[in-house]
Amino acid sequence: RTGRSLYGALFSGVSGLTANSRALGVISENIANVNTIGYKSNQSNFASLVTGSAGAIGAAPGGVVGGTRQLVDQQGLLQSSNSATDIAIAGDGFFVVNTKVDNTNAAAAAIGETLFTRAGSFIVDAKQNLVNTGGYVLMGWPLDILGNIVGPAGTPITPDPTSTAELLPVNLSRLSVSSNPTTQVNLTVNLPANATAGDLLITSTQVFDSLGNGHRVELQWTKTANLGEWDLVVDTLDGTVTNGTTTVTFNPDGTLASPNPPEIVPTIDWDDTQTFAADSTVTFDLGTLNQPRGVTSFGDIYRVQEVTQNGIAFGTFTGVSIGDEGVVTAIFDNGTILPVFKLPIAQFSNPNALDPRSGNAYLQSTEAGGFFLSESGIAGAGKIEGATLEASTVDLAAQFTNMIVTQRAYSANATVIRTADEMLQELSQVVR
60 RTGRSLYGAL FSGVSGLTAN SRALGVISEN IANVNTIGYK SNQSNFASLV TGSAGAIGAA
120 PGGVVGGTRQ LVDQQGLLQS SNSATDIAIA GDGFFVVNTK VDNTNAAAAA IGETLFTRAG
180 SFIVDAKQNL VNTGGYVLMG WPLDILGNIV GPAGTPITPD PTSTAELLPV NLSRLSVSSN
240 PTTQVNLTVN LPANATAGDL LITSTQVFDS LGNGHRVELQ WTKTANLGEW DLVVDTLDGT
300 VTNGTTTVTF NPDGTLASPN PPEIVPTIDW DDTQTFAADS TVTFDLGTLN QPRGVTSFGD
360 IYRVQEVTQN GIAFGTFTGV SIGDEGVVTA IFDNGTILPV FKLPIAQFSN PNALDPRSGN
420 AYLQSTEAGG FFLSESGIAG AGKIEGATLE ASTVDLAAQF TNMIVTQRAY SANATVIRTA
480 DEMLQELSQV VR
């Protein structure tokens, strides 16, 4: 029994050495990553190891086992950054990244492994992908020029929050220039109700053709002899307009009565001596019938409150930024700012159980549960902060303190082994 207890003491001491060696490894990893963006510190956990049950002869010596607990759900300190493509998450969730993409095939662009990370220091690489310090490519939902999430066909969709199939690599190679023809003009204009027959008022706007060239278009309002009635002609100096003439009438309360629907859809054949752009079909939206919106007729003042159009002039891509709502925006030298991607936030029911990977990223695991993709700040997801980075959660002072405690525990276990060895030597000499 004496020998059994002494051998048990030896094994207990060995288990203590092993457990504290692993603890020192965890501490060293934490200290090494004290400046790693988005790094989450790990914690050593110890559990008693029972090698025998207690009985009339007493308990057999046991030992200890060491483990590591990930503290992935800890929030790191947010620090401002000078880079427009640095981002952080304030709250729960992860950025979605991919280990490898194929920029030549949009249908199968993401061909690597999907990972999740809090490391938001992204830069544009040689292939115009946004990649972080781990070399992982940022993934996002593609947007149209109105900011709607779109599918492969370019039509707005509601993305599946449990799948990454609709995500594309955030790649900027297709954004060398911007240009979009005008297809709609929205008017907010008030025509004076006391105008006399023959009065002419002109509302000017700029529209863009298929090549990104700008053209001045005039909406010429001429008061007729009838009460509440105007003739509207759409005209341009560098093209021929068809279907651009209509009669606009107003109700006695100043709201729009006709045309129904309240729009004019002329076709403009641009002057071939100035541009070879395709003909433009533009919808001029006059507002809402019987509502004080859009074009109205009140009082004695002609007022152009707002004229907006959805065309974009030709411009050259100059840079990119990521806003606080997780929208990746392309910037052009003509002043155009286009939304091109929206970044999802992936949430897990048990993020501490994610499978860690090199490069400060994580792989989905059974214990972590399934992910749910949300927009920034929606449905409990954290909020994306632009020009911001999340610092490491390592507390250097605490790590140094743990190192001292671990070293003392290791020395104590080594002392137990030496003492048990000396006692076994004494026991072996008794029989001589």
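Under our numbering, the residue at position 333 of the sequence shown is numbered 392, and the numbers go up by one with no gaps.
Where is the CB? At the ideal position from N, CA and C, for every residue including glycine.
Remember, it's a predicted structure, so these values are computed and weren't measured experimentally.
Each residue's CA atom was taken as its position, placing THR460 and GLY75 some 19 Å apart. For ILE476, the three-state secondary structure derived from DSSP is helix. In the three-state reduction of the DSSP assignment, ARG362 falls in the strand class, which pools E and B.
Looking at the backbone, the Cα of ASN89 and that of ALA68 are separated by about 32 Å. Contact annotation: SER356 and ALA446 have beta-carbon atoms that are not nearer than 8 Å.
Taken through DSSP and simplified to helix, strand or coil, PHE459 comes out as helix. Residue range 386-391 is occupied by the beta strand (DSSP E) that includes ALA389. DSSP places SER380 in the uninterrupted beta strand (DSSP E) bounded by 371-381. Taking a contact as a CB-CB distance under 8 Å, the pair VAL93 and VAL453 counts as one, their CB atoms being some 5 Å apart.
Bounds of the beta strand (DSSP E) holding SER107 are 101-108. Residues of the same chain with a CB within less than 7 Å of the CB of ARG275, apart from the 5 flanking positions on each side, are SER263, GLN265, THR295, LEU296 in chain order. With a cut-off of 8 Å on Cβ pairs, the region 411-427 is in contact with the region 93-104, counting three or more such pairs. The DSSP-derived three-state label of GLY353 is strand. If you look at PRO398, you'll find it in the beta strand (DSSP E) that goes 396-401. The Cβ-Cβ distance between VAL363 and VAL293 does not fall below 8 Å. Cβ-Cβ separation between ILE327 and GLY298: approximately 5 Å, consistent with a contact (criterion under 8 Å).
Within the same chain, THR283, GLU288, TRP289, ASP290, LEU291, SER317, PRO318 come within 8 Å of THR306 by CB-CB distance, once the 5 residues on both sides are set aside. Within its own chain, the residues whose Cβ lies closer than 8 Å to the Cβ of LEU227, once the five positions on either side in sequence are excluded, are ALA165, ALA168, ALA169, MET198, GLY199, TRP200, PRO201, PHE400, listed in chain order.
Between ILE216 and ILE204, the C-beta spacing is not below 8 Å. THR308 sits in a strand when the DSSP states are folded into three classes. Secondary structure within the region 149-173: not one fully enclosed alpha helix (DSSP H) run of 4 or more consecutive residues is present.
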